[in-house]
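Engineer: Its first residue numbered 847, the sequence shown is counted upward by one per residue in our numbering.
Don't be surprised by glycine CBs; every beta carbon is placed ideally from N, CA and C.
Fair warning: this is a prediction, and the values are worked out from it, not measured in the lab.
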Amino acid sequence: MVDTAPSCPINPNLFKFENKPKQALSHEIGAGSLCLKCDCPGLDLHFWRKICKICTCRLDDHDVILPNELDHGDLVFRKLFGGNEKFGTYANPNISQSCSSPVTNGLGQQLQKIQISNKNNSTSNSPSNNTNGQFSNKTSSTNGHSEQSLQENLMKFHRKSSQDSNSSSSTTTTVTTSNFVITNGSSKSSKNSSSIYEKNRSVSEYTWVPSGSQTLVEKYMLQLPETERPIAGTEGAQLRRQRLAHQLPYHDCDPEAAKSLLTEEDKQQHKNFVEYVKENAVGIGELMECSRYNIEKRCASTQADTPIHIAESMTCKTCTQTIKTGDIGIVTDHGKPNEAWHPNCFKCETCEQLLVDLLYFFKDGQYHCGRHFGEQLFPRCSGCDELIFAKEYTFAEEKSWHVDHFCCFGCDKHLAGHRYIVKEDRPYCFDCYMDKFARTCHACNNKIAPFDIRVSHKDFHWHAHGKCFKCKICEKPLANQKFLIKNEEIFCSIDCKNKFETRMG
């Protein structure tokens, strides 16, 4: 007998080398995601359009959750604020859990887990047991360099508020991709935080929080409607994901993600656009507790050409109502020092949606989301949803299109020089329209072309000519005439209807 047993144990991890992760194509990301507008089986993204091939709903009409726990807002933030591109998947178990220099600016807090007080939030979840959240830098084995470089980039674009400087004594921060846990009571140390968990106190797990002290963030969240709070697993978190996809198209800030750039000139135009946005337009709203001291401090830090009236309160720029002393106001670096907004009033000037993650784009004294800011400077293709940087493009049906993207929404056939029909603001070739939308004549059972005259009654349709729309008995044409319908048949008079009933016995 031959002994076939191995002479030494085989390391099972060797077999894992064959299980390489499958690379996801751009049109495969979010496959199967729930549609928020219809009952389609799930997202099946067109290979260059940003719509579902099944239901034709937009990509941002689906609840797309990015793979590897990535966050759409963080990806856009890195492109616009110069975050370190080498951070990868934010997972390195060798990095220390503590963070001596916490990142405290805007979307950069998506790399943190923050425990802050939440006394009045009615929604609660169990606290996460994951306390080993880290992010990796492939070129460094310590967290000091990676975090310092990120913070330097953040501070280059964002002014630190006075509240931030006072928050270090009452905020416990660790670098992680987990959500942000807001608990009852302060967190003076990790030991105290553990004791809070042991007592099973209520917590709210947020998928994003703005920069600021515990008190500021708590007040900000409580001033938002409950449906707007991005609490994990709730409508608010889903709404945030949807707004991120809609307001901040990733292909607007990353030329490599824009598949419509065919020439080097177009690519350079896109890069110039991104640089302009970084230097002149993009910013993150800051939280400020309304008080005379904070207003004076903010106005003093800004050099104004004319004296600014200092008051005990501020007026919301959107609703023109007073922001009361002690309430939270949103302020920006681009606007006037005495301009502020209620948390629920800081909206895009065009779409009037709340500016997601307080990320704004400033132009001519107005604040826009990323999508509508881009459309202020360049037309957007109605086919691929990308900005058009080419000199030549098609303008049809009051919309702009890349020359190669003015195609049938059914079969992608180029429509330039061909007959097409518009249905629900989308162009279709004649064949696709007939197949998808054309009604069937009740008399001849043939499809009714869009250029033919049609007569409809409830769920019945006929060609309007005398060969189809006529009395069942005497064959009198009934176009523009009174008629009766009985047993799915049409008649010119009661006499003809009675004759039909007699004949049918």
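1) Using three-state DSSP, classify GLU1347 as helix, strand or coil.
2) Using the beta-carbon count (16 or more within 10 Å), is THR1053 buried or exposed?
3) Have a look at the DSSP bridge pairing and note the partners of PHE1208.
4) Please state the DSSP three-state secondary structure of GLU1111.
5) For VAL1268, count neighbouring Cβ atoms within 10 angstroms of its own Cβ and tell me buried if that reaches 16, exposed if not.
6) Can you tell me whether DSSP reads CYS1342 as helix, strand or coil?
7) According to the Cβ coordinates, are HIS1311 and PRO1296 closer than 9 angstroms?
8) Is the stretch 1228–1245 touching the stretch 1124–1144 in the sense that three or more CB pairs, one from each, lie closer than 8 angstroms?
9) Cα-Cα, which of ARG1089, TYR1279, CYS1165 is closest to PHE1255?
10) Roughly how many angstroms lie between the CA atoms of ALA1236 and LYS1105, to the nearest whole one?
11) Roughly how many angstroms lie between the CA atoms of TYR1213 and ALA877, to the nearest whole one?
12) Which same chain residues end up closer than 8 angstroms to THR885 when comparing Cβ atoms and leaving out the 5 residues on each side of it in sequence?
13) Taking Cβ to Cβ, would you say ARG1075 is nearer than 9 angstroms to ASP909?
14) Quick check: what's the CA-CA separation for LEU1094 versus TYR1239?
15) Could you check which residue in TRP1187, GLY1181, TYR1274, LYS1170 has the C-alpha nearest to that of THR1164?
16) My assumption, with CB atoms under 8 angstroms, is that PHE1224 sits in contact with ILE1234. Please give the rounded CB distance.
17) In whole angstroms, what is the alpha-carbon distance linking HIS918 and ASP1098?
18) Hey, out of LEU1108, VAL1249, ASP906, HIS892, whose CA is closest to LEU880's CA?
19) Along the chain, where does the beta strand (DSSP E) that runs through CYS1275 open and close?
20) Do LYS1304 and ALA1289 have their CB atoms nearer than 9 angstroms?
21) To the nearest angstrom, how far is it from the Cα of LEU916 to the Cα of VAL922?
22) Take PRO887 as the anchor and find which of TRP894, PHE893, LYS899 has the nearest alpha-carbon.
23) Does the stretch 1242–1260 touch the stretch 1122–1131, meaning 3 or more C-beta pairs lie closer than 8 angstroms?
24) At 3 residues or longer, and completely inside the stretch 1166–1208: list those beta strand (DSSP E) runs for me, N to C.
25) Tell me the DSSP secondary structure of CYS1099 in three-state form.
26) Helix, strand or coil: which one does DSSP assign to ASN971?
27) Assign GLU1238 to one of three DSSP states: helix, strand, or coil.
28) Would you please state the rounded distance, in angstroms, between the beta carbons of HIS1092 and ARG1217? I believe it to be under 8 angstroms.
29) Just reading off the alpha helix (DSSP H) that LYS1065 is part of, what are its end residues?
30) Who pairs with GLY1129 in a beta bridge, going by DSSP?
Structural biologist: The structure says:
1) In the structure shown, GLU1347 sits in a helix (DSSP, three-state: H, G or I).
2) Around the beta carbon of THR1053, 16 or more other beta carbons sit within 10 angstroms, so the residue counts as buried.
3) Beta-bridge pairing links PHE1208 to TYR1213.
4) Three-state DSSP puts GLU1111 in a helix.
5) Exposed, by the Cβ-count rule.
6) Of the three classes helix, strand and coil, the one that applies to CYS1342 here is helix, per DSSP.
7) Taking 9 angstroms as the cut-off, the Cβ atoms of HIS1311 and PRO1296 do not count as close.
8) Counting Cβ pairs under 8 angstroms, fewer than three are found: no touch.
9) Nearest option by C-alpha distance: TYR1279.
10) Going from the Cα of ALA1236 to the Cα of LYS1105 covers about 13 angstroms.
11) For TYR1213 and ALA877, the distance between alpha carbons rounds to 33 angstroms.
12) Reading the sequence as shown, one finds Asp at residue 885 and not Thr. Here the set comprises nothing.
13) Between ARG1075 and ASP909, the CB-CB gap reaches or exceeds 9 angstroms.
14) Taking the straight line joining both Cα atoms gives about 23 angstroms.
15) Checked all of TRP1187, GLY1181, TYR1274, LYS1170; the closest Cα to THR1164 is TRP1187.
16) Indeed, because the Cβ distance is near 6 angstroms, the residues count as touching under 8 angstroms.
17) Spanning the two alpha carbons is a distance of roughly 13 angstroms.
18) Here the closest residue by C-alpha is ASP906.
19) First-last of the beta strand (DSSP E) with CYS1275: 1272–1275.
20) In this structure, ALA1289 does not lie closer than 9 angstroms to LYS1304 by Cβ.
21) So the two alpha carbons sit approximately 11 angstroms from each other.
22) Nearest in C-alpha terms to PRO887, of all of TRP894, PHE893, LYS899, is LYS899.
23) No contact exists between the stretch 1122–1131 and the stretch 1242–1260.
24) For the stretch 1166–1208, whole beta strand (DSSP E) runs of length 3 or above, ordered along the chain, are 1174–1177.
25) Correct three-state label for CYS1099: helix.
26) With a pLDDT of 36 at ASN971, under the threshold of 50, the modelled position of this residue cannot be trusted; read the value that follows with caution. Three-state DSSP puts ASN971 in a strand.
27) Here GLU1238 sits in coil by DSSP.
28) The Cβ separation is near 7 angstroms, so the contact holds.
29) Counting along the chain, the alpha helix (DSSP H) containing LYS1065 begins and ends at 1060–1069.
30) Answer is TYR1206, bridged to GLY1129.
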